[in-house]
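Sequence order for the protein chains is E and V. For any residue, its number in the numbering used here is found by taking its place in the first sequence, counting from 1, and adding 20. For any residue, its number in the numbering used here is found by taking its place in the second sequence, counting from 1, and adding 20. Reviewing the structure listed below.
2 protein chains.
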Amino acid sequence: MIDYSKLKPARDVAIIGIGSTIFGEHWDKSLRDLAGEAGSKALHDANIDPKEIQFLVGGNMSGGMFVGQEHGAGLFADHLGITPVGAIRTEAACASGSLAVRVGYMAIASGMYDVVAVGGAEKMTDVYGDRATSVLAGAMDQENEAFHGLTFPGVYAFLANRHMHDYGTTREQLALIPVKNHRNGALNPIAHFQRKITLDNVLNSPLVADPLRLLDCSPISDGAASLIMVSADKAKDYTNSPIYIKASAQASDSLAVHDRENITTLNATLVASKEAYARAGLGPEDIDFAEVHDCFSINELIAYEDLGFAKKGEGGKLIESGETEISGKIPVNTSGGLKAKGHPVGATGVAQLVELVEQLRGEAGKRQVENARVGLAHNVGGSGATVVIHILSNER
Amino acid sequence: MIDYSKLKPARDVAIIGIGSTIFGEHWDKSLRDLAGEAGSKALHDANIDPKEIQFLVGGNMSGGMFVGQEHGAGLFADHLGITPVGAIRTEAACASGSLAVRVGYMAIASGMYDVVAVGGAEKMTDVYGDRATSVLAGAMDQENEAFHGLTFPGVYAFLANRHMHDYGTTREQLALIPVKNHRNGALNPIAHFQRKITLDNVLNSPLVADPLRLLDCSPISDGAASLIMVSADKAKDYTNSPIYIKASAQASDSLAVHDRENITTLNATLVASKEAYARAGLGPEDIDFAEVHDCFSINELIAYEDLGFAKKGEGGKLIESGETEISGKIPVNTSGGLKAKGHPVGATGVAQLVELVEQLRGEAGKRQVENARVGLAHNVGGSGATVVIHILSNER
Chain E
21 MIDYSKLKPA RDVAIIGIGS TIFGEHWDKS LRDLAGEAGS KALHDANIDP KEIQFLVGGN
81 MSGGMFVGQE HGAGLFADHL GITPVGAIRT EAACASGSLA VRVGYMAIAS GMYDVVAVGG
141 AEKMTDVYGD RATSVLAGAM DQENEAFHGL TFPGVYAFLA NRHMHDYGTT REQLALIPVK
201 NHRNGALNPI AHFQRKITLD NVLNSPLVAD PLRLLDCSPI SDGAASLIMV SADKAKDYTN
261 SPIYIKASAQ ASDSLAVHDR ENITTLNATL VASKEAYARA GLGPEDIDFA EVHDCFSINE
321 LIAYEDLGFA KKGEGGKLIE SGETEISGKI PVNTSGGLKA KGHPVGATGV AQLVELVEQL
381 RGEAGKRQVE NARVGLAHNV GGSGATVVIH ILSNER
Chain V
21 MIDYSKLKPA RDVAIIGIGS TIFGEHWDKS LRDLAGEAGS KALHDANIDP KEIQFLVGGN
81 MSGGMFVGQE HGAGLFADHL GITPVGAIRT EAACASGSLA VRVGYMAIAS GMYDVVAVGG
141 AEKMTDVYGD RATSVLAGAM DQENEAFHGL TFPGVYAFLA NRHMHDYGTT REQLALIPVK
201 NHRNGALNPI AHFQRKITLD NVLNSPLVAD PLRLLDCSPI SDGAASLIMV SADKAKDYTN
261 SPIYIKASAQ ASDSLAVHDR ENITTLNATL VASKEAYARA GLGPEDIDFA EVHDCFSINE
321 LIAYEDLGFA KKGEGGKLIE SGETEISGKI PVNTSGGLKA KGHPVGATGV AQLVELVEQL
381 RGEAGKRQVE NARVGLAHNV GGSGATVVIH ILSNER
């Protein structure tokens, strides 16, 4: 393992502004409209003149296949009216957004820029016919998985079946996850689905890929989210409540699941969480709440274990205990998660940090976690070929 | 303008290894094969154990639309066998590769990583039917340009016509650029076209978009290139001939050309070159040679002016003078440029730096520029919505 004590960022970084569109089906808005709305809201929230922005990083998974538009970050800079600042698009499938945060973080930590706008956006509903599943399959190993007809519900069904086989995880335990996340989403004014569902709803929803059913699966959403980030030393010039990035960490794994030794864990989560905890000087016991990547219910359950919130194999018990509810010991996906808040793939990683900042500012309303001081965001690309973890705190 | 004297990178960065595939039509190789070959060659050139690599950045413009594969950097890490290192794909159309260099540079400059692999790759010839032009149009403004049928030869024809109108630039001056670049490409063992062409060949080649003809246009190529980068303080541990990155700079402009005040200049080149010269503490007169983005002949001519090698409107005179030949005062595109070396779009920005490193090491063979100490690379995305400039030197 890399010795992160010798690889310290040269400068601390803080978030001073957040913005997000409502997530959902935006038939009247295009990719640029969504990104522009989220970016404008973040600029407004930071109370900053757009001319102060020196650099932009934009996450977008598949503008090319969804709407024929590559060059997304350039488009965002153009539509936000902040040219000629440099603009970089980042992509690692559904982790594209948190990679934008990560590159924005590096841009400031390196000393090269002081004020950076970060965004994530995806316009998924404009895709021709029912091709969204094919587009998303671009995140897996095209030659060895997608070519043979595998889809993402299928991949995550492998993980679910094996977890149930090895650890006795039950169908009902899995179903508790979307039930919790919809309960939280019902409290979130930007969520795609602002309504509760029951255990019976999940268990009786149409089968997608055995054992996963429709209500185990995150939806196809349009949406965008944005952050304004500055060097921590300058944060108080802009706001009384800066939120600090304590760690930015990332790991990879084989794109294809058949190349992995073990599919009941995401090794990239294990590696990235070790990096994140080492960089932050914290452990899982120090995390007050988390946003994790519940693209399918099984993935939140596995994340409990891989992030250290539950012992291996005991993710099912953790969801049953109620401790991941907003009032529990380790609230998870207070936003509603990908399942209820929605999953515009390139926006998700940034949106997770928007939720963390709202919580850490104490501005999460009915979703507010009491005494929230340290939050963690866990964003997965593909079936775990990319994992990105950020740890944020309201204390420097 | 941003005051770059206050935005210095915390650490210097050096390149210790380079690798490239041959550029051309690789019917027997896929995207991963190309990236793996270039990456392996760079690791070998750096004489480094792959286990020392801590982070990877990979440029790829449109793996999704070309071969159905997003998540390119994860794939590269996977195929190179260097998981679980973090892997970020960067994209800004034809500038995707140099953005990978830029993010790798930030990763090291920030102090977060010491040893980073950077790659760029594109597999363009597998695209269904003749859709390559449509895929490439994803780099322009989809809603306001591509939707109406505009293509890239068309956009650059606008620039060429206006430059000829405003400054008297001639059709023959434009044609001298591909003639020079093919002369150089004939000396480059990795070039797509290793043969000379004549002025008559260019002037009599089929018309593509008036005034641009087939031999004004860079080709559709497959290929990949890679660099191994380390913190400058550690470079001498690996090699006796590290090449130092003196500046990494970038700017943006509107995606659509109709939104610009002036189309005979790329404003993003003006802004990025000011940043690059400021960061390096150098001026155009200090540049010994350059690789510039000659996707169409007019773009090299405009680059002469925007980079400060010629006065505005006098790019035509510069190519006529012969001073951009390998033996001239300011050799440009000694590699053959995009026109003759080839233009696998995601690889191009990295490949430009491979050429710079070969020249600065004195290993460019028959293409060697005498006393090459400082080289500049100029990489354009779209019709100038993104411009990335790097300045390299063999002296720290």
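Using N, Cα and C, we set each Cβ at its ideal position, and we do this for glycine too.
Membership of F75 (chain E) in the beta strand (DSSP E) is indicated by the continuous run 75-79. With 16 or more other Cβ atoms inside 10 Å of its own Cβ, M85 (chain E) counts as buried. Checking the DSSP bridge columns, you'll see T110 (chain E) partnered with E:G79, V:T110. Flagged as an interface residue toward chain E: S50 (chain V), by a C-beta distance shorter than 8 Å. Taking C315 (chain V) as the centre and dropping the five residues before and after it, the same chain places the C-beta of S238, L358 closer than 6 Å to its C-beta, in chain order.
A straight line joining the alpha-carbon of N319 (chain E) with that of Y176 (chain E) spans about 8 Å. DSSP places G59 (chain E) inside the alpha helix (DSSP H), whose first and last residues are 51-66.
At a C-beta separation below 7 Å, P104 (chain E) has these neighbours in chain V: A271, S272, D273, N287, A288, V291. DSSP, read as helix, strand or coil, puts M21 (chain V) in coil. About 4 Å separates the Cβ atoms of G158 (chain V) and E90 (chain E), confirming a contact at the 8 Å cut-off. For H410 (chain E), the uninterrupted beta strand (DSSP E) run begins and ends at 406-413, by DSSP. Measuring C-alpha to C-alpha distances from S118 (chain V) to each of V:E305, V:E415, V:R416, V:I409 identifies V:I409 as the nearest. Boundaries of the beta strand (DSSP E) around S246 (chain E): 243-251. Listed along chain E, the residues sitting closer than 7 Å to S82 (chain V) by beta-carbon distance are G84, E90. With its beta carbon at least 8 Å from every one in chain V, D53 (chain E) lies outside the interface. Looking only at E:H183, E:L286, E:T259, the smallest Cα-Cα distance to S403 (chain E) is reached by E:L286.
If you check each beta-carbon in the region 202-215 of chain V against every beta-carbon of chain E, none falls closer than 8 Å. Counting only runs of at least 4 residues, the region 206-292 of chain V fully encloses the following alpha helix (DSSP H) elements, listed from N- to C-terminal order: 219-223, 252-255. In terms of Cα proximity to T218 (chain V), the closest of V:K254, V:P364, V:P198, V:A371 is V:P198. What E163 (chain E) touches in chain V, judged by beta-carbon distance under 7 Å, is S50, going in chain order. For I307 (chain V), the CB contacts under 6 Å within the same chain, skipping 5 residues up- and downstream, are V394, L396 in chain order. Within the same chain, Cβ atoms closer than 7 Å to the Cβ of S274 (chain V) are found at R280, A405, the five residues on either side in sequence being excluded. In this structure, the alpha-carbon of S40 (chain E) lies about 54 Å from that of E390 (chain V).
Boundaries cannot be given for A166 (chain E), as no beta strand (DSSP E) includes it and DSSP labels it neither H nor E. Residues of chain E whose Cβ lies closer than 8 Å to the Cβ of D146 (chain V) do not exist, since the nearest Cβ in that chain is about 11 Å away. Straight across, the Cα-Cα distance linking G382 (chain E) with P262 (chain E) is about 12 Å. Cβ-Cβ distances below 6 Å link I35 (chain V) to L247, M249, I263, V377 in the same chain, with the five nearest sequence neighbours on each side left out; the list follows chain order.
Residue range 33-40 is occupied by the beta strand (DSSP E) that includes S40 (chain V).
Rounded to whole angstroms, R182 (chain V) and L170 (chain V) show a C-alpha spacing of 17 Å.
For the pair of segments examined, the region 116-136 of chain V was found not to touch the region 346-363 of chain V: the number of CB pairs separated by less than 8 Å stays below three.
The C-beta of V400 (chain E) comes no closer than 8 Å to any C-beta of chain V.
The beta-carbon of I346 (chain E) is placed no less than 8 Å from the nearest beta-carbon of chain V. Rounded to whole angstroms, the separation of the alpha carbons of P173 (chain E) and S116 (chain E) is 20 Å.
Taking 8 Å as the cut-off, the beta carbon of N353 (chain E) is found no closer than this to the beta carbon of V407 (chain E). Residue environment for F329 (chain E): buried (at least 16 other C-beta atoms within 10 angstroms of its C-beta). G78 (chain V) and I128 (chain V) have their C-alpha atoms some 15 Å from each other.
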